[in-house]
Structures are given as structure tokens and as C-alpha cells.
Amino acid sequence: CLFIGLSLKDSTLKHLLRKNAILHPGHIHYYVHFMEDDAVLDEKHRIAIRDANFEVYNLVTLFLDRKGIAALGQLLTSTEDDIGLLADEVGVSTSYRFFLTGSVAVGKSTSVSHFRSLLTHDEWLERKAAGMNIDP
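Laid out in C-alpha cells, this is it:
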């Protein structure tokens with residue numbers, strides 16, 4: 001979700017965001033912290049706000065003025081071709097990322113092995129325990 005025009009002074013919104021952060025710690029939302037065109041917020045305060053919003057509410061905070069919000073709106077309504085052209089213009093490569101999930105031994109690795117040219121990352125950070133890859 002992208003929150004624009006909402007205030008974190010709203011206690012109901014804060015409660016719902018906190019509850020969501022606790023129940024779904026992997027879900028990240030985006031929050032636009034509106035900055036008046038002539039407003040100045042030093043880096044120390046931006047970092048404090050950004051870190052607190054992320055730690056408490058799982059919010060990625062974007063500090064944007066009117067022009068920044070307009071640019072974000074244009075980006076969000078861009079076509080795939082527009083994004084490709086913009087990426088080429090600024091020298092950034094684009095890619096698609098897919099996440100395959102499922103319980104143990106349902107065939108995730110087997111399914112992925114049928115595709116070519118995919119970069120994969122194993123779900124296990126350490127060696128699997130003996131027998132973990134065997135269907136129960």
C-alpha cells in the first residue's frame with residue numbers, strides 16, 4: 001500500500017498499522033511524508049522519522065514535496081514501455097523477480113529446475129537436516 005495524504009497523528013491509523021506490523025512482519029507499506037516546497041528537515045530528523053516509522057509500523061517513508069508527489073504519480077501510472085525507456089535513459093537494467101513458496105517436499109525445486117536462465121536463491125541458509133528433502 002502507498003499512503004498519501006494521511007497523517008500518522010491519526011490514532012486509528014497508527015493502531016491499524018501497528019497491529020498489521022505485528023501480525024504480518026514481512027508486509028511493508030509506503031508512506032509519503034509531505035514536505036512543503038520551502039520546508040527544510042535536516043538529515044538527522046529524516047533518519048529518525050524514517051527509522052521509527054519502519055521499526056514501529058513497517059513503513060518505508062518517502063519525503064516528498066509537490067513536485068516529488070507529481071513525479072511519483074507519473075511513475076505509478078507509467079506503462080511498461082515507459083518504464084523500460086526511462087531505465088535505459090538513466091542506465092539501469094530492469095528485471096522481473098518471482099518468488100516461489102510452498103511447504104516442504106511439494107516440488108518447488110523440481111518446478112524451478114524446468115526453467116532455463118533463472119537465477120535462484122536457496123531457501124536454506126545452512127545445510128538441510130538429513131531427510132528434509134524426502135516426501136513424508
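When you line the sequence shown up against UniProt numbering, it's residues 1 to 136, in that order. The beta-carbon is built from N, C-alpha and C at its ideal position, and this holds for glycine as well. Since this is a predicted model, take the numbers as computed values, not measurements.
- Shown here, residue 92 sits in coil according to DSSP, grouped into three states, outside any helix or strand.
- Within the region 21-57, the beta strand (DSSP E) runs of at least 3 residues that lie entirely inside it are, in chain order, 29-34.
- By the criterion of at least three beta-carbon pairs nearer than 8 angstroms, the region 8-18 is in contact with the region 51-66.
- DSSP places residue 104 in the coil class of the three-state scheme, outside both helix and strand.
- Per DSSP, the unbroken beta strand (DSSP E) holding residue 62 starts and ends at 59-64.
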